[in-house]
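Shown next, in structure tokens, is the structure this report addresses.
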Amino acid sequence: MKKILIVEDQFVEAANLERMLVKAGYSVCGIARSVKAALDILNSVRPDFVLLDIYLKGDQTGIELAGILKEQGIPFLYLSANSNKSTLDAAKATRPYGFLVKPFREQDVLAMMEIAAYQQENRHQPAAIGGSPETQVADIVGGSEALQQTLRLTGIVAPSDTTVLILGESGTGKEKIASALHLLSRRKNNPFIKVNCAAMPASLVESILFGHEKGAFTGATSRAIGKFEQAHGGTIFLDEIGEMLPEVQVKILRVLQEKEIERIGGRELIKTDVRVIAATNRNLETEVAEGRFRMDLYYRLNVFPIQVAPLRERKQDIIALTEHFIRQYCQIEGREPIQLQPALREKLLGWHWPGNIRELENVVKRIVLLGAESGSDFIHYSGNNIAPVAASQTLQENERAYIISTLKQCNGKISGAGGAAQLLNLPASTLESKMKKLGITKEDYAPATGSGN
Ligand SMILES: Nc1ncnc2c1ncn2[C@@H]1O[C@H](COP(=O)(O)OP(=O)(O)OP(=O)(O)O)[C@@H](O)[C@H]1O
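Here the sequence shown stands for residues 1 to 453, numbered as in UniProt numbering.
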């Protein structure tokens, strides 16, 4: 039976944790309210794990105790309430097995304990190069140590219902990791619903995420089911979470805490069973420090962070990815696979790939379409091809772009099955009046020969 020491000055929190752990079959070998009391206990027992609060009774903090635990090789998890960035940085520097956020939820505590134990057991395992289940399941290419470490963490956390936060620059493959997490979970036969938080205009967000009832607002002629409800039994992937507006952040926080949603205009709370995966290319700690992102939501999401390295830090993957995309695009184009010439290979290896794998993929598409010689100027080409930052657009521009891209996706169809109004969870009349207000005309979304309605 695993022995756990709880170092926590709040009596209620400590008792609560003890109850959860004992119920799950752990033995709690002590509760200490100060560093001194913890050291007294450590003199007589060696716990398998320490759950460590940062602020304690007395003048020493949990971060100081962490140093001693590290020396003794005793693994620990922090129990953190909302701390400021410098405290969090100092805590992170002690390399804990993770952070648990107050108020504690039983399933998070137990999942974290299991993950920490697994990480500890597998600490000295060499990386499985290629062919791992994570790689196969989502068609992920690359043998670099950085990617293998990401995949190891993906494999560890996938089967649990733990919330995962995927961090990395644009185009590094965060969505691929999210889909691997889903495919390796017990939810794999249920929906995987992706939501792009950056592209969601404020006026539509609630309806898109939570749905609405018939008559909820002018023109709401029928009930619409939101993304959270669509994801029931499966996974919701909140991409670009760092761009989410504060008024929406608070609503997401509620869903994470209560696991229930309310449709606009609805009177009942609907229970949802959804696993949440979020991703961002922003530094969320900076966003929190600068007041743009809610600290409580950050902690709720950051239960299990997974970092995806930029391509320039895993150059080893460049050739494997290039060959993979060449095979893929030659097959699509019905052509014989192109041979990668040494000069081009050098060039690919020498570039710093600011747009990461998406940029590499675009370069390969161009090479396949225009011939290998076109590769010689790919850097010039790809430099213009990096996705614009949505945050620099005004909200109106954002809303306009979102509606236009949805209309394009629906081949210009506004109402009825498969129309843009349905995709946006809006009554067609509301969408039409929004289009009018935003000056969206057919030329914006339908090619000259395109169809509309
Ligand atoms: N390891 C990989 N093997 C094969 N294809 C990959 C890999 N990583 C990424 N890709 C491909 O690169 C492109 C970009 O990846 P993805 O969309 O997952 O990135 P992202 O980090 O989510 O980007 P963004 O932050 O802009 O949303 C996709 O077409 C994806 O299929």
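Here a beta-carbon is modelled for each residue, glycine too, at the ideal position from N, C-alpha and C.
Are the stretch 196–205 and the stretch 177–187 in contact at 8 Å, needing three or more beta carbon pairs? Touching, no, given that fewer than three Cβ pairs across the two stretches are closer than 8 Å.
Quick one: what does DSSP say P96 is sitting in, helix, strand or coil? Counted from its first residue, the sequence shown places residue 96 at position 96. Assignment of P96 by DSSP, reduced to helix, strand and coil, places it in the coil class.
Which residue or residues does DSSP assign as beta-bridge partners of N190? Mapped onto the sequence shown, residue 190 falls at position 190. Here N190 is not bridged, per DSSP, to any residue.
L256 versus L297, I208, L369 and F210, residue with shortest Cα-Cα distance: By 1-based counting over the sequence shown, the position of residue 256 is 256. Of the candidates L297, I208, L369 and F210, L297 places its Cα closest to the Cα of L256.
Which residues share a DSSP beta bridge with N411? In the sequence shown, counting from the first residue as 1, residue 411 sits at position 411. BP columns for N411 are empty, so no partner.
CA-CA distance, D40 and G291? Numbered from 1 along the sequence shown, position 40 holds the residue referred to as residue 40. Numbered from 1 along the sequence shown, position 291 holds the residue referred to as residue 291. Roughly 40 Å separates the two Cα atoms.
Is the Cβ-Cβ distance between V368 and I338 less than 8 Å? For the purposes of this step, residue 368 is taken as the residue at position 368 of the sequence shown. For the purposes of this step, residue 338 is taken as the residue at position 338 of the sequence shown. In contact: V368 and I338 (Cβ atoms closer than 8 Å).
A390 in three-state terms, based on DSSP: As a working mapping, residue 390 is identified with position 390 in the sequence shown. Any reading at A390 needs caution, since the residue's pLDDT is 35, under 50, leaving its predicted position unreliable; the model's value is listed next. A390 carries a helical assignment under DSSP once its states are collapsed to helix, strand and coil.
Give every residue of the same chain whose Cβ lies closer than 8 Å to the Cβ of A387, excluding the five residues on either side of it in the sequence, and list them in chain order. For the purposes of this step, residue 387 is taken as the residue at position 387 of the sequence shown. Legend: pLDDT at A387 = 34, less than 50; position of this residue unreliable, value from coordinates given subsequently. When the five nearest sequence neighbours on each side are left out, the beta carbons in the same chain lying within less than 8 Å of the beta carbon of A387 are those of S170, G171, G355 and R358, in order along the chain.
Examine ligand 1 and report whether any of its heavy atoms sits within less than 7 Å of the Cβ of S170. Your numbering for residue 170 matches position 170 in the sequence shown. Flag set: Cβ of S170 near ligand 1.
Status (buried if at least 16 other CB within 10 Å, exposed otherwise) for I4: As a first step, residue 4 is located in the sequence shown; it is residue number 4 there, counting from the start. Residue environment: I4 is assigned as buried (16 or more neighbouring CB atoms within 10 Å of its CB, all protein chains considered).
Indicate, with yes or no, if ligand 3 has a heavy atom lying under 7 Å from the CB of L321. Absence of ligand 3 is noted for the structure shown, with ligand 1 being the only ligands found.
With contact counted as at least three CB pairs below 8 Å, one residue from each stretch, are the stretch 270–284 and the stretch 215–226 in contact? Contact between the stretch 270–284 and the stretch 215–226 is absent: fewer than three C-beta pairs spanning the two stretches fall below 8 Å.
Stretch pair the stretch 148–165 + the stretch 329–345: three plus CB contacts closer than 8 Å: No, the stretch 148–165 is not in contact with the stretch 329–345.
A309 vs K85 beta-carbon contact at 8 Å: Within the sequence shown, numbered from 1, the residue matching residue 309 stands at position 309. Within the sequence shown, numbered from 1, the residue matching residue 85 stands at position 85. Result no, Cβ atoms of A309 and K85 do not sit closer than 8 Å.
At least one CB of chain B closer than 8 Å to the CB of I63: is that the case? This model lacks chain B altogether; it includes just one protein chain.
Beta-carbon proximity of S429 to G265, cut-off 8 Å: One-based indexing of the sequence shown puts residue 429 at position 429. One-based indexing of the sequence shown puts residue 265 at position 265. No, the Cβ-Cβ distance between S429 and G265 is not below 8 Å.
Would DSSP call S382 helix, strand or coil? Looking up residue 382 in the sequence shown gives position 382. Caution is warranted here: a pLDDT of 43 is assigned to S382, below 50, making its placement in the model unreliable, and the coordinate value is therefore given only provisionally. Look at S382 here: in three-state DSSP terms it is helix.
Using the C-alpha atoms, what's the distance from I404 back to G419? On the sequence shown, residue 419 is found 419 positions in, with the first residue counted as 1. On the sequence shown, residue 404 is found 404 positions in, with the first residue counted as 1. The alpha-carbon of G419 is positioned some 12 Å away from that of I404.
Tell me whether D108, by its Cβ, gets closer than 7 Å to a heavy atom of ligand 1. Translated into positions along the sequence shown, residue 108 becomes position 108. Relative to the non-hydrogen atoms of ligand 1, the Cβ of D108 never comes closer than 7 Å to any of them.
Excluding the 5 residues flanking G130 on each side, which residues of the same chain have their C-beta closer than 8 Å to its C-beta? Indexing the sequence shown from 1 puts residue 130 at position 130. Any reading at G130 must be qualified, since the residue scores a pLDDT of 42, below 50, and its modelled position is unreliable; the value itself is stated next. These residues qualify, in order along the chain: G143.
Relative to the alpha-carbon of I326, which residue among P47, R366 and R19 has its alpha-carbon at the smallest distance? As a working note, residue 326 is residue 326 in the sequence shown. Just measuring C-alpha positions, the residue of P47, R366 and R19 sitting nearest I326 is R366.
Got a sec? Which residues, its chain only, sit under 7 Å from L56 by beta carbon, not counting five neighbours each side? Position 56 of the sequence shown, counted from the first residue, corresponds to residue 56. Result list for L56: V7, D9, R33, S34, V35 and G62, in chain order.
When you compare the CB positions of F161 and C197, do they come within less than 8 Å of one another, or not? For this step, residue 161 is matched to residue 161 along the sequence shown. For this step, residue 197 is matched to residue 197 along the sequence shown. A small correction: the amino acid at residue 161 is Asp; Phe does not occupy that position in the sequence shown. Cβ atoms of D161 and C197: not closer than 8 Å.
Let me make sure I understand the geometry here. Which of M295, H352, I319 and W353 has the alpha-carbon closest to that of P342? For this step, residue 342 is matched to residue 342 along the sequence shown. That would be I319, whose Cα lies nearest to the Cα of P342.
If you draw a straight line from the alpha carbon of G242 to that of Y299, how long is it in whole angstroms? The residue labelled residue 242 in the question sits at position 242 within the sequence shown. The residue labelled residue 299 in the question sits at position 299 within the sequence shown. If you take the alpha carbons of G242 and Y299, they lie about 13 Å apart.
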